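Working notes for the structure below.
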Amino acid sequence: MSEEKVSVDDLLGDEGLPLDPPPAQERRGDALRRLPPRGILLAVGGVLFLLLWYLSSVHHDKYYLVVDGDMVSVRRGWYFPFGSSEWVPSRAYKPFRLPAGITPDETGAMAAEKVDAQLMKLFRRVAEAEVADLKGGNAELAEDMLFRANKLLHADIEDERDLMRLLGDVHFHRGIRTLREVNDSFTEALKQFQLAAMRGGQRYQHAPEWVKVIERFQADFRKLAKESNLAFDTPRWPGTWRRPAPRRRPARRPGGSGHQQPDLTAPAAPRWTSRPRSRRGAPAPPRPASPPCSSHRSP
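Going from the sequence shown to this note's numbering is simple: count from 1 and add 96.
Laid out in structure tokens, this is it:
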């Protein structure tokens, strides 16, 4: 019985009894005391923010020259550590199509000045290729490329001078193209004037002069093309026409095998072998007989 009895101290003691939980404010205070100091947190946050700003700024200053098939475009990085979009501050940076056989030297991420240098090379190559082809070149495309190059943000004075000279070549290309069309019209006109000169004319009799003028023009075109090292042919149809020279009668030589000079000392031969009639139909009086020729002497 004594072992099963519970003592009074055990009944009145609080060692085995559950205690009430501490208040919430005391719990939060204990958690804050376990965290690092506030200054350290602020420092770490500032460093992260500065790092994000630096990476975003560096990425935003990157420009990309992108070639997709035969299309060329310029992209710029976002103000963020990654991502990009098309960048078109002027018409020079609009996407354009490259002709066959022309490619940029470099692509990918680069500085703005380097992007402009690559675009300047591309614009000039396209313009020079179109201007050099006098028969099939596109002068409008060459002019558009040069106008684009003039709008680049980092073009210097020397580049602008070269662009002006190339624009002069564009106008020369257009002049040659127009001259070819005029020459084709001249060739057709020359054909008609040659036919008129060969057949003569009743109202218009100056066709040979027109033929000479057009042929002189075409000869000047050929001369200038040769001096300019250009393949500019002016075909002739069917050949250069010339006025036929007047025929000259051969001179008579006395005693030659041709026509002989008449002997004025010999007596004239009789004009009629029969007796001519008068106007009224009556027989004319007989004419005196001519003396015999010296070659027919009587025996």
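Note that CB positions come from ideal geometry on N, CA and C, so glycine has one too. Small disclaimer: the values here were computed from a predicted structure and weren't measured.
For arginine 257, the enclosing alpha helix (DSSP H) stretches over residues 253-295. Histidine 155 sits away from glutamate 209, with the two beta carbons spaced by 8 angstroms or more.
With a 10 Å radius around the Cβ and a threshold of 16 neighbouring Cβ atoms, glutamate 311 comes out buried. Burial check for methionine 241: the Cβ neighbour count within 10 Å reaches 16 or more, so the residue is buried.
Taking 8 angstroms as the cut-off, the Cβ atoms of leucine 248 and alanine 188 count as close. With fewer than 16 other beta carbons inside 10 angstroms of its own, valine 143 counts as exposed.
Selection Glu182, Ala196 and Gly197 evaluated against lysine 190 yields Glu182 as nearest (Cα-Cα). In this structure, the beta-carbon distance from leucine 326 to leucine 230 falls below 8 angstroms. Distance check between aspartate 201 and each of Ala293, Phe219 and Ser186 places Phe219 closest, using alpha-carbon atoms only.
DSSP places glutamate 182 in the strand class (E or B) of the three-state scheme.
For arginine 187, there is no enclosing alpha helix (DSSP H), as DSSP gives it neither H nor E. Residue pairing of leucine 161 in beta bridges, as defined by DSSP: Val170 and Gly204.
The continuous alpha helix (DSSP H) containing lysine 308 extends over residues 303-323. Serine 186 has its alpha-carbon roughly 18 angstroms from the corresponding atom of alanine 238. Residues Phe282 of the same chain have their beta carbon placed closer than 7 angstroms to that of phenylalanine 313, with the five preceding and five following residues left out of the count.
In the structure shown, asparagine 246 adopts helical secondary structure according to DSSP, grouped into three states. Glutamine 298 sits in coil when the DSSP states are folded into three classes, being neither helix nor strand.
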